[in-house]
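S.K.:
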Amino acid sequence: MSLLNELNPVQQKAVLETEGPLLVFAGAGSGKTRVLTYRIAYLIQEKGVRPWNIFAVTFTNKAADEMRERVERLLGTSAKGTWISTFHSACARILRQHIEHLGFKRNFVIYDDQDQERHLKTIMKELNLDFKMFPPRAIQSGLDQLKNAGVTPDQYSPSPYNIFQKRLAVVYQRYQEDLHRNNALDFGDLLTFVTILFRRFPEVRRSYQELCRYVMVDEFQDTNLIQYQLIREMTEAHHNVCVVGDDDQSIYRWRGAEVGNILNFEKDFPEARVITLEQNYRSTQNILEAASHVVRKNRYRKEKKLWTENPEGEPLTFFVAEDEEDEARFVIQKIMEHVSGAKSGRSYRDVAVFYRINAQSRAVEDELVKNRIPYTVVGGMKFYERKEIKDVLAYLKLIDNPSDGLSLKRIINVPSRGIGEKTVEKIEAFSREKGLPLYDGLKQGVEEEWLPPAVKTKMKEFIQLIEAFRKDAGSFTLSQLTLALLAKTGYLQRLKEERTDEAISKMENVDELINVMMGLEQGEEKVSLETFLDKVSLVTDVDLYEDKGNRVSLMTLHCAKGLEFPMVFIVGIEEGLLPHYRRGEEIEDMEEERRLFYVGMTRAKERLFLSRAEERSTFGVGRANLPSRFLDELPVELMQFEEKKGRMESLFSQETPWREHDRQTEMMPEDLSQEISFAEEGGLVLSPEGFFPLKIGMRVRHPKFGEGRVKSVEGMDENQKATVVFQNVGAKRLKVRYANLEILE
DNA sequence: GTCTCTAACCTTTTT
DNA sequence: GGTTAGAGAC
Numbered sequence: 001m002s003l004l005n006e007l008n009p010v011q012q013k014a015v016l017e018t019e020g021p022l023l024v025f026a027g028a029g030s031g032k033t034r035v036l037t038y039r040i041a042y043l044i045q046e047k048g049v050r051p052w053n054i055f056a057v058t059f060t061n062k063a064a065d066e067m068r069e070r071v072e073r074l075l076g077t078s079a080k081g082t083w084i085s086t087f088h089s090a091c092a093r094i095l096r097q098h099i100e101h102l103g104f105k106r107n108f109v110i111y112d113d114q115d116q117e118r119h120l121k122t123i124m125k126e127l128n129l130d131f132k133m134f135p136p137r138a139i140q141s142g143l144d145q146l147k148n149a150g151v152t153p154d155q156y157s158p159s160p161y162n163i164f165q166k167r168l169a170v171v172y173q174r175y176q177e178d179l180h181r182n183n184a185l186d187f188g189d190l191l192t193f194v195t196i197l198f199r200r201f202p203e204v205r206r207s208y209q210e211l212c213r214y215v216m217v218d219e220f221q222d223t224n225l226i227q228y229q230l231i232r233e234m235t236e237a238h239h240n241v242c243v244v245g246d247d248d249q250s251i252y253r254w255r256g257a258e259v260g261n262i263l264n265f266e267k268d269f270p271e272a273r274v275i276t277l278e279q280n281y282r283s284t285q286n287i288l289e290a291a292s293h294v295v296r297k298n299r300y301r302k303e304k305k306l307w308t309e310n311p312e313g314e315p316l317t318f319f320v321a322e323d324e325e326d327e328a329r330f331v332i333q334k335i336m337e338h339v340s341g342a343k344s345g346r347s348y349r350d351v352a353v354f355y356r357i358n359a360q361s362r363a364v365e366d367e368l369v370k371n372r373i374p375y376t377v378v379g380g381m382k383f384y385e386r387k388e389i390k391d392v393l394a395y396l397k398l399i400d401n402p403s404d405g406l407s408l409k410r411i412i413n414v415p416s417r418g419i420g421e422k423t424v425e426k427i428e429a430f431s432r433e434k435g436l437p438l439y440d441g442l443k444q445g446v447e448e449e450w451l452p453p454a455v456k457t458k459m460k461e462f463i464q465l466i467e468a469f470r471k472d473a474g475s476f477t478l479s480q481l482t483l484a485l486l487a488k489t490g491y492l493q494r495l496k497e498e499r500t501d502e503a504i505s506k507m508e509n510v511d512e513l514i515n516v517m518m519g520l521e522q523g524e525e526k527v528s529l530e531t532f533l534d535k536v537s538l539v540t541d542v543d544l545y546e547d548k549g550n551r552v553s554l555m556t557l558h559c560a561k562g563l564e565f566p567m568v569f570i571v572g573i574e575e576g577l578l579p580h581y582r583r584g585e586e587i588e589d590m591e592e593e594r595r596l597f598y599v600g601m602t603r604a605k606e607r608l609f610l611s612r613a614e615e616r617s618t619f620g621v622g623r624a625n626l627p628s629r630f631l632d633e634l635p636v637e638l639m640q641f642e643e644k645k646g647r648m649e650s651l652f653s654q655e656t657p658w659r660e661h662d663r664q665t666e667m668m669p670e671d672l673s674q675e676i677s678f679a680e681e682g683g684l685v686l687s688p689e690g691f692f693p694l695k696i697g698m699r700v701r702h703p704k705f706g707e708g709r710v711k712s713v714e715g716m717d718e719n720q721k722a723t724v725v726f727q728n729v730g731a732k733r734l735k736v737r738y739a740n741l742e743i744l745e
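Heads up: the first sequence at position 257 corresponds to 257 in the working numbering, and the numbers run straight through without jumps.
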């Protein structure tokens, strides 16, 4: 029974109540993941449940991986067979088995929302819909809402007085038809198709119900209607469903999440038991109290009293900056103080900066770069959303599933091979008329009279290229296939010829993609093209975030959920930003913004810094923002107001470089002396002067290898290594200290 | 058909 | 301040 010894009595109860429906309200930092993992381990080890009868759902792949790892650690063996995954991957897996029942082929592709938007735009163009009157974004979100609610095109009855709805209905119909022709599913379809499958094929549903003897749902407050429906169907036979969540941390209403799911759970499952975890193990008393104080203002919530045995801790620090630059300087100054300065003892990895919208990262990034502080941004432009990556993936998708017209359109003329827009339009119309996938239309079109012979030759060449790859795809590994593709299509060659910074960075990204593939190929299992594409389609920002070295983390408040850091900054606490004004006017929207703030605050373990700027530039235009109403909700006695330092100075020092330098050294004379002595003892060299000046993208010259460009930099100490791509000899990984690099720009 | 330059948009948050 | 779609030149 050693498993239970490490849990508090309430947590124990949550683990032991294995039979029947169970709702666990888990406050921030109350050991939610701990309960779930111990529960799984307990079921397997003590109750003798077979691993494949356990199904645990999370929202991110990262959370799923982490859970599996922790269960394995508890059990001491592998948890093989336990089904731990996200809603979307689980559904993809089910559909790969049974989708033929629904008239799709098993090698369907998954369209992400970028694909979805492109696809929608073509349809809207074909239907002659004015983008101004019907913004594609609005149509897209309307579509998503319908899907999240489980409404199929033929079930949707728009109001006859609402033009938008009427158009939406037409687009929806056409959109789904096209997806079918392309043998493709979007994110929403993954879920809805499984419910349709279950409804129409009871024997399939029963087989999964039989399998899912014990079901667990993490972050239950973020489930939407269709996800909840899925859970209910899956647990119909055994009723052993344990949902864990926190209504105060529900921040995805705008995406269709229903807080109602958690608040009404007891109604839907009258026999459900309810356990509330209220002891917080993460934050200091001050942080917890301040956060609770804020969220208590919400009306639609279940009352709970979080408490902690942790020390009281420091008060929260609040700073009013002049503008976002000033705000960033405050953040950096505090980071330096705590990492290398007067109050040193922290590492960069202990620090996180949260903001409401991605665009806010720039100001902070600029300042971090200026001070040579290593950092990572979670989210923003995602690796798998980059143009070049999507191009390569489109080739692979097409090889895997030739019906995928969207991918075909993406690469049919990339790199340009003389098959232009007009030609594609003709073939598109031709294919639609015949009800064929675009690729098949292309193949038939080659025989048609209405195309100029020169174009037909080009088309034939392209078809031959794809066919050749389709034939050989099985005998290559993923990376081999991709490398061959890049060579044969001339994609890399074209980039090489461009010789722009942008092209170089694209090549590096493609290179990185190959690296990812090679990494996967190191594993024991063979990675099929299909598994790889599935995996890639369903990754999220947070999945890609791992503790890569000692760096400050920057992310949106949404991304921060589920993470924790000793030192947290929340910037831009202003009316319009937090709460964000693009929100609706409903109370529910305002409450969600408040919860967002609450989620951010409760990520902090020891220190919490809050700030706002008097003026902030959006789209390059300055704008004065009022302090956020949420600031008034913070208890004053827990706050410490940071004095604005050197106001005059910053007025003078704007553009004068010597002044800039002056201020840096002035700012932390103690820090410097400390760092230097630390360095003498053989520790890390961290003084600003001691930093190695290499940055990604810099052009450098090596005495032997000649000119090159810095691709990546590892480490910030004397062992720093850099990977440099040289024009003549290719990529080399060098120890910066010995490399004698000369910086060219 | 391809390339380049300008103007309009833009910023929520994402599986 | 940056990106992207669309117009215009070749």
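The beta-carbon is built from N, C-alpha and C at its ideal position, and this holds for glycine as well.
Look up Phe134 in the DSSP assignment and say whether it is helix, strand or coil.
M.R.: Locating residue 134 in the first sequence gives position 134, counting from the first residue. The three-state secondary structure of Phe134, taken from DSSP, is coil.
S.K.: Which term fits Thr656, buried or exposed, when burial requires 16 or more other beta carbons within 10 angstroms of its beta carbon?
M.R.: Within the first sequence, the letter at position 656 stands for residue 656. Low confidence applies here, because Thr656 scores a pLDDT of 33, under 50, leaving its location unreliable; read the following figure in that light. Classification of Thr656: exposed, given that the 10 Å Cβ count is below 16.
S.K.: Could you tell me the boundaries of the beta strand (DSSP E) in which Cys242 lies?
M.R.: One-based indexing of the first sequence puts residue 242 at position 242. Element bounds for Cys242: Val241 to Gly245.
S.K.: Taking the continuous alpha helix (DSSP H) assigned at Lys334, which residues delimit it?
M.R.: Start at 1 with the first residue of the first sequence, and residue 334 comes out as number 334. It spans Glu324 to Val339 - the alpha helix (DSSP H) in which Lys334 sits, taken as one unbroken run.
S.K.: Are Lys458 and Gly418 touching if we call contact CB-CB under 8 Å?
M.R.: On the first sequence, residue 458 is found 458 positions in, with the first residue counted as 1. On the first sequence, residue 418 is found 418 positions in, with the first residue counted as 1. Taking 8 Å as the Cβ cut-off, Lys458 and Gly418 qualify as a contacting pair.
S.K.: Asp246: buried (16+ other C-beta within 10 angstroms of its C-beta) or exposed?
M.R.: By 1-based counting over the first sequence, the position of residue 246 is 246. With 16 or more Cβ atoms within 10 Å of its Cβ, Asp246 is classed as buried.
S.K.: Mind pulling the alpha helix (DSSP H) runs of 4 or more residues that sit fully within the segment 150-225?
M.R.: Counting whole runs of 4 or more residues, the segment 150-225 contains the alpha helix (DSSP H) stretches 163-181, 187-200 and 202-211.
S.K.: Give me the Cβ distance between Val204 and Leu197, rounded to the nearest whole Å; I'm assuming they're in contact under 8 Å.
M.R.: Sequence index remark: in the first sequence, residue 204 carries index 204 (1-based). Sequence index remark: in the first sequence, residue 197 carries index 197 (1-based). 6 Å between Cβ atoms; contact.
S.K.: Jot down the residue ranges of each uninterrupted alpha helix (DSSP H) in the segment 559-628, minimum 4 residues, whole runs only, in chain order.
M.R.: 587-601
S.K.: In angstroms, rounded to a whole number, what distance separates the CA positions of Gly708 and Arg699?
M.R.: Here the question's residue 708 lines up with position 708 in the first sequence. Here the question's residue 699 lines up with position 699 in the first sequence. Cα to Cα, the separation comes out at about 6 Å.
S.K.: For Leu451, which residues in the same chain have their Cβ closer than 8 Å to its Cβ, ignoring the five residues on either side in sequence?
M.R.: Counted from its first residue, the first sequence places residue 451 at position 451. Closer than 8 Å at the Cβ level, and outside the excluded window around Leu451, lie Thr423, Lys426, Gly445 and Met459.
S.K.: State the DSSP-derived secondary structure class of Gln145, mapped to helix, strand or coil.
M.R.: Within the first sequence, residue 145 is the residue found at index 145, counting from 1. In the three-state scheme derived from DSSP, where H, G and I count as helix and E and B as strand, Gln145 is classed as helix.
S.K.: Is the beta carbon of Thr284 sitting closer than 8 Å to the one on Glu606?
M.R.: Along the first sequence, one-based indexing puts residue 284 at 284. Along the first sequence, one-based indexing puts residue 606 at 606. Contact flag set, yes.
S.K.: Does DSSP classify Leu3 as helix, strand or coil?
M.R.: Counted from its first residue, the first sequence places residue 3 at position 3. Reduced to three states, the DSSP call for Leu3 is helix.
S.K.: Just list the residues that DSSP pairs Asn280 with in beta bridges.
M.R.: The sequence position of residue 280 within the first sequence is 280, counting from 1. Per the DSSP secondary-structure output, Asn280 pairs in a beta bridge with Thr308.
S.K.: Excluding sequence positions up to five away, which residues of its chain have a Cβ less than 7 Å from the Cβ of Ile335?
M.R.: Counting from 1 along the first sequence, the entry for residue 335 is found at position 335. The residues Val351, Ile373 and Val552, in chain order, have a CB closer than 7 Å to that of Ile335 in the same chain once the five nearest residues on each side in sequence are set aside.
S.K.: DSSP three-state call for Ser85: helix, strand or coil?
M.R.: Here the question's residue 85 lines up with position 85 in the first sequence. Strand.
S.K.: So, helix, strand or coil for Phe25, using DSSP?
M.R.: Looking up residue 25 in the first sequence gives position 25. Here Phe25 sits in strand by DSSP.
S.K.: Using the C-alpha atoms, what's the distance from Gln209 back to Glu233?
M.R.: By one-based count along the first sequence, residue 233 stands at place 233. By one-based count along the first sequence, residue 209 stands at place 209. Their backbone Cα atoms lie some 7 Å apart in a straight line.
S.K.: What are the complete alpha helix (DSSP H) segments, minimum 4 residues, inside the segment 395-435?
M.R.: You should have 405-411 and 421-434.
S.K.: Report the rounded CA-to-CA distance for Glu312 versus Ala272, giving the unit in angstroms.
M.R.: Indexing the first sequence from 1 puts residue 312 at position 312. Indexing the first sequence from 1 puts residue 272 at position 272. Taking the straight line from one Cα to the other gives about 36 Å.
S.K.: Can you grab the Cα-Cα spacing for the pair Ile587 / Arg594, in whole Å?
M.R.: In the first sequence, residue 587 corresponds to position 587, counting from 1. In the first sequence, residue 594 corresponds to position 594, counting from 1. Rounded to whole angstroms, Ile587 to Arg594 spans 11 Å at the Cα level.
S.K.: Distance check for Leu225 and Ser157, CA to CA, integer angstroms please.
M.R.: Reading the first sequence from its first residue, position 157 is the one you call residue 157. Reading the first sequence from its first residue, position 225 is the one you call residue 225. Whole-angstrom Cα-Cα distance: 19 Å.
S.K.: For Gly682, which residues from the same chain have a beta carbon less than 6 Å from its beta carbon, with the 5 sequence-adjacent residues on both sides left out?
M.R.: Position 682 of the first sequence, counting from 1, holds the residue named residue 682. Caution is warranted here: a pLDDT of 31 is assigned to Gly682, below 50, making its placement in the model unreliable, and the coordinate value is therefore given only provisionally. The answer is none, since no qualifying residue turns up.
S.K.: Let me know if Glu670 comes out buried or exposed under the rule of 16 or more other beta-carbons within 10 Å of its beta-carbon.
M.R.: Along the first sequence, read from residue 1 onward, the residue named residue 670 stands at position 670. Legend: pLDDT at Glu670 = 33, less than 50; position of this residue unreliable, no value from coordinates given.
S.K.: Evaluate Trp254 with the Cβ neighbour count: other Cβ atoms within 10 Å of its Cβ, from every protein chain shown; 16 or more gives buried, anything less gives exposed.
M.R.: Stepping through the first sequence from its first residue, residue 254 is reached at position 254. Trp254 comes out exposed.
S.K.: Please give me, in chain order, every unbroken run of the beta strand (DSSP E) with length at least 3 that falls completely inside the segment 456-491.
M.R.: none
S.K.: According to the Cβ coordinates, are Ala321 and Met601 closer than 8 Å?
M.R.: On the first sequence, position 321 is the one that residue 321 refers to. On the first sequence, position 601 is the one that residue 601 refers to. For Ala321 and Met601, no; Cβs fall outside 8 Å.
S.K.: Find out if the Cβ-Cβ distance for the pair Ile139, Leu120 is shorter than 8 Å.
M.R.: On the first sequence, residue 139 is found 139 positions in, with the first residue counted as 1. On the first sequence, residue 120 is found 120 positions in, with the first residue counted as 1. Taking 8 Å as the Cβ cut-off, Ile139 and Leu120 qualify as a contacting pair.
S.K.: Rounded to a whole number of angstroms, what is the C-alpha to C-alpha distance between Thr195 and Phe104?
M.R.: In the first sequence, counting from the first residue as 1, residue 195 sits at position 195. In the first sequence, counting from the first residue as 1, residue 104 sits at position 104. Note on geometry: alpha-carbon atoms of Thr195 and Phe104 lie some 15 Å from one another.
S.K.: What's the C-alpha gap between Arg34 and Tyr228?
M.R.: As a position in the first sequence, residue 34 is number 34, starting the count at 1. As a position in the first sequence, residue 228 is number 228, starting the count at 1. Going by the C-alpha atoms only, they are around 23 Å apart.
S.K.: So who's on the other strand from Arg709, going by DSSP bridges?
M.R.: Residue 709 sits at position 709 when you count from the first residue of the first sequence. Arg699 and Val725, per the DSSP bridge assignment.
S.K.: How many angstroms separate the CA atom of Ile570 from the CA atom of Val364?
M.R.: As a first step, residue 570 is located in the first sequence; it is residue number 570 there, counting from the start. As a first step, residue 364 is located in the first sequence; it is residue number 364 there, counting from the start. Per the coordinates, the alpha-carbon of Ile570 lies some 12 Å from the alpha-carbon of Val364.
S.K.: Just confirm the distance between the C-beta atoms of Glu614 and Asp323, as a whole number of angstroms; I'd bet it's less than 8 Å.
M.R.: Indexing the first sequence from 1 puts residue 614 at position 614. Indexing the first sequence from 1 puts residue 323 at position 323. Approximately 7 Å separates the beta-carbon atoms of Glu614 and Asp323; this is inside 8 Å, confirming the contact.
S.K.: Taking C-beta to C-beta, are Gly572 and Arg612 nearer than 8 Å?
M.R.: One-based indexing of the first sequence puts residue 572 at position 572. One-based indexing of the first sequence puts residue 612 at position 612. Taking 8 Å as the Cβ cut-off, Gly572 and Arg612 qualify as a contacting pair.
S.K.: Suppose you measure from the CA of Glu337 to the CA of Leu277; what does that come to, to the nearest Å?
M.R.: By 1-based counting over the first sequence, the position of residue 337 is 337. By 1-based counting over the first sequence, the position of residue 277 is 277. Between Glu337 and Leu277, the C-alpha separation is close to 36 Å.
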